[in-house]
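These notes are about the structure you will find just below.
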Amino acid sequence: MENEPINPQREDAGQRLPVVAIDGPAGAGKSTLAAHLARRFGLLNLESGAMYRALALKAIECDVSFTDEAALAALFATTRIELQPQSEGNRVLLDGHDVTRRVRDRDVAEAASQVSVHPQVRAWLVAQQRALGARGGVVMEGRDIGTKVFPNAEVKIFLDAAPEVRGQRRFLQSGPAQAAVTEESVIAALRERDARDRTRATSPLEAAEDAILIDSTHMSFDEVMARSEEIVRQRLEKADSAQ
Ligand code: DC
28 MENEPINPQR
38 EDAGQRLPVV
48 AIDGPAGAGK
58 STLAAHLARR
68 FGLLNLESGA
78 MYRALALKAI
88 ECDVSFTDEA
98 ALAALFATTR
108 IELQPQSEGN
118 RVLLDGHDVT
128 RRVRDRDVAE
138 AASQVSVHPQ
148 VRAWLVAQQR
158 ALGARGGVVM
168 EGRDIGTKVF
178 PNAEVKIFLD
188 AAPEVRGQRR
198 FLQSGPAQAA
208 VTEESVIAAL
218 RERDARDRTR
228 ATSPLEAAED
238 AILIDSTHMS
248 FDEVMARSEE
258 IVRQRLEKAD
268 SAQ
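One rule links them: number in this note's numbering = place in the sequence shown (from 1) + 27.
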């Protein structure tokens with residue numbers, strides 16, 4: 028059956044559950060892919076970017092500058108970020124309030140990319156991400172999951188696509204609510220965010236050496252899902268036979 032998990036939770040057998048790391052630039056389709064793989068393999072889907080977005084939203088609400096690392100770090104003591112995996116992505120709670128929709132806005136995405144350059148911000152969130160995945164059984168997507176958060180992940184996928192294609196997909200998804208937004212402006216914003224994410228000094232966006240690259244520029248999403256499922260299945264079989 029299409030949606031039946033292939034690898035339902037195997038904790039009873041005392042085995043460590045697998046971690047699937049999906050990294051790549053904005054707009055590559057990581058969230059959709061992560062949600063699909065989580066359903067297919069019976070894993071929890073965790074969007075690490077939503078945590079950076081939630082902290083960025085807190086900075087916006089508290090009028091803290093995105094460039095002031097010490098002031099951002101001072102927010103940690105009064106900030107609680109929770110991810111609740113759902114079938115189509117994560118519900119995001121900031122200090123107990125549902126901010127799932129708000130963190131998707133462009134101003135928050137832009138702020139998230141800016142606050143995420145700071146080593147203290149990254150250390151604080153990476154510790155929480157590791158705790159969330161400590162028992163395995165997760166698909167986590169982001170920029171540094173395979174390189175930094177879970178360097179020993181059983182499966183690492185780096186999902187990429189040409190900026191024009193990612194921008195066009197984002198633009199088509201944005202719908203009538205964002206009618207004032209042009210395709211060119213979406214592509215320009217993605218390029219800017221990519222450049223910042225790829226060139227920051229701490230844990231820049233890059234493929235882990237042992238990640239499998241999927242360039243979806245000329246692929247349909249069904250093809251991306253089929254290829255990814257094949258990769259996960261092969262890697263899990265390999266990990267099982269090594270145990
Ligand atoms: O995946 P996203 O678009 O929700 O991420 C928002 C920003 O957060 C992204 O521009 C960079 C940052 N981020 C990061 O630095 N490391 C991650 N693991 C996830 C996101």
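All C-beta atoms in this analysis are idealised placements derived from N, C-alpha and C, irrespective of residue type, glycine included.
By the CB criterion at 7 Å, A55 and R193 fall inside the cutoff. A direct Cα-to-Cα measurement between L186 and P52 gives close to 8 Å. At least one heavy atom of the ligand DC is found less than 6 Å from the C-beta of D224.
Where R118 is concerned, the enclosing beta strand (DSSP E) starts and stops at 116-121.
One alpha carbon belongs to F198, the other to N72, and they sit about 25 Å apart. In this structure, the CA atom of E256 is about 15 Å from the CA atom of S58. Judged by DSSP in its simplified three-state form, F248 adopts helix. Secondary structure in the region 112-169: the beta strand (DSSP E) runs of 3 residues or longer, each lying completely within the stretch, are 116-121, 165-169 in chain order.
Distances from the CA of M78 to each of R254, V46, V148, T209 were compared; the closest alpha carbon is that of V148.
For Q195, the CB contacts under 7 Å within the same chain, skipping 5 residues up- and downstream, are E210 in chain order.
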